[in-house]
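Written out below as structure tokens is the structure these notes cover.
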Amino acid sequence: MSSYPTESVIAVYIQRIIGCDCNCSLDILINVVIHKCSFLPYLLMHCVLFLLCSLVFESNQCQNGHTLCSTCKTRVHNRCPTCRQELGDIRCLALEKVAESLELPCKYYSLGCPEVFPYYSKLKHESQCNFRPYNCPYAGSECSVVGDIPFLVAHLRDDHKVDMHSGCTFNHRYVKSNPREVENATWMLTVFHCFGQYFCLHFEAFQLGMAPVYMAFLRFMGDENDARNYSYSLEVGANGRKMIWEGTPRSIRDSHRKVRDSHDGLIIQRNMALFFSGGDRKELKLRVTGRIWKEQQNPDSGACIPNLFS
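By the numbering used here, the letter at position 36 of the sequence shown is numbered 36, and the numbering carries on one by one without gaps.
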């Protein structure tokens, strides 16, 4: 989905520049500027450029004074599109001052963000905007797909062929025939639909210092604030022994690598995992069970209490 402003949004900003409170179309406003305002056409075109480029603006100019932004400069192979002179690294500080005076909508306005920011504050907000698309949570390979949660759920199901389950409890078995030869591995992601939300169960093998370990953890398909409304438990065990982890799922805003490296999940050393696997302890056959529950907000204390009976 494009994040470029609509004509109506650009028209609003042109109205602010020329001090017009009419409801004219963008075409009419541009004609007014061109024919009535001798000093504004040049400025206007750059203001529209600022709106469309949606990046921290740095203006470059050729020796003849023709300008364009640093992003567009790379697209024209460092040649001025007007006179074909080499652009070089001459900055147009006057236009950068103009940028400082602009207030622009967040580029995710079409996804619901109502915020407007001074130009040089916009990029910082957009990097943290709650309305920005989510990255694909698939951990088996790098995936550049982004989108909202329903789109990503369909993408995981159709493109990555992940296992999709409904319910708030799970019982999964992870098998590896030669676990001692595995230093880094990622098992297939599993997605659970529970309480009207989606959760991703991860299982990975990696080196923790000098020790080979396995780690299981859950991520919430949504933002961090909503993730705090849920808790989960993971359990592994056999032969009269067991390990239990309880925690809050991390948002998929945090990459699976970030969660893994923060050790925020159930970590099992390889020798213990093989002990839980039974047999001759040469093959990984680890059963991981778990449960997801929703926290209830206590209106009197403001604290969350677990809802254990959902």
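Using N, Cα and C, we set each Cβ at its ideal position, and we do this for glycine too. Fair warning: this is a prediction, and the values are worked out from it, not measured in the lab.
{"Item": "Mapping DSSP to helix, strand and coil, what is P354?", "Value": "Here the chain comprises residues numbered 1 to 310, so residue 354 is not present and cannot be evaluated."}
{"Item": "From D264 to F217, what distance separates their C-alpha atoms?", "Value": "7 Å"}
{"Item": "Whole beta strand (DSSP E) runs in the region 61-142 with 3 or more residues, listed along the chain?", "Value": "67-69, 103-105 and 116-118"}
{"Item": "Among L156, E224, L102 and K122, whose alpha-carbon lies nearest the alpha-carbon of Y109?", "Value": "K122"}
{"Item": "When the distance is taken between beta carbons, is C62 closer than 8 Å to P137?", "Value": "no"}
{"Item": "Counting Cβ pairs, one atom from each stretch, are 3 or more of them under 8 Å apart for the region 204-220 and the region 242-251?", "Value": "yes"}
{"Item": "Compare the Cα-Cα distances from L156 to each of R281, N184 and M188 and report the closest residue.", "Value": "M188"}
{"Item": "Check K242 in the structure and name its three-state DSSP category.", "Value": "strand"}
{"Item": "Leaving aside the five residues before and after F195 along the sequence, list all residues of the same chain whose C-beta is less than 8 Å from its C-beta, in chain order.", "Value": "C168, Y230, I292, K294 and S310"}
{"Item": "In three-state terms, what does DSSP make of R219?", "Value": "strand"}
{"Item": "Using the C-alpha atoms, what's the distance from S144 back to L43?", "Value": "Low per-residue confidence applies at L43: pLDDT is 46, beneath 50, and the placement is therefore not dependable, though the value from the model is reported in the following sentence. When rounded, the distance between both Cα atoms is 36 Å."}
{"Item": "Leaving out five residues on either side along the sequence, give the residues of the same chain with a beta carbon under 7 Å from the beta carbon of N78.", "Value": "E86 and L87"}
{"Item": "How long is the line joining the alpha carbons of I149 and Y214, rounded to whole angstroms?", "Value": "28 Å"}
{"Item": "Rounded to whole angstroms, what is the Cα-Cα separation between R270 and R132?", "Value": "39 Å"}
{"Item": "With DSSP as the reference, identify every bridge partner of F192, one or two as the case may be.", "Value": "H165 and F199"}
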